[in-house]
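Using our numbering, you'd call the opening residue of the sequence shown number 30 and step up by one each time.
Beta carbons: idealized from backbone N, C-alpha and C, even for Gly.
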Amino acid sequence: MFERKYEIEEFNGSNNFVLWSIKMQVLLTTQNLAKALDGEDKLLIIMKVSERVELMERVKSTILLNLSDKVLIEVVEQKDAAVL
């Protein structure tokens, strides 16, 4: 099975956030990361701590890589990927 690379336009604060967030949700779904968008509270029930930490780090990294520098600097301290 080959893996396809998906790229979306970085969110820069002036492009359409709704479209960007839909594309990010699709991207996270293709990477089996979308369950993190439900928030850590729901993950506490279904995942071990180490799995949850790894999932949240991967999701946060994916989201941060799809933000422009201008937006990134504003949200980099955010811990919760679902909030991002």
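Grab the span of the alpha helix (DSSP H) containing residue i for me, first residue to last.
i, result
"L48", "F46 to T59"
"V88", "V78 to L93"
"I75", "E69 to I75"
Would you grab the beta carbon distance between residue i and residue j for me? Rounded to a whole angstrom, and I think it's under 8 Å.
i, j, result
"L72", "A65", "7 Å"
Are residue i and residue j close, meaning C-beta to C-beta below 9 Å?
i, j, result
"M85", "E106", "no"
"V100", "E39", "yes"
"L57", "V78", "no"
Just list the residues that DSSP pairs residue i with in beta bridges.
i, result
"L96", "F40"
For the stretch 45-60 against the stretch 85-101, are there 3 or more C-beta pairs whose distance is under 8 Å? yes
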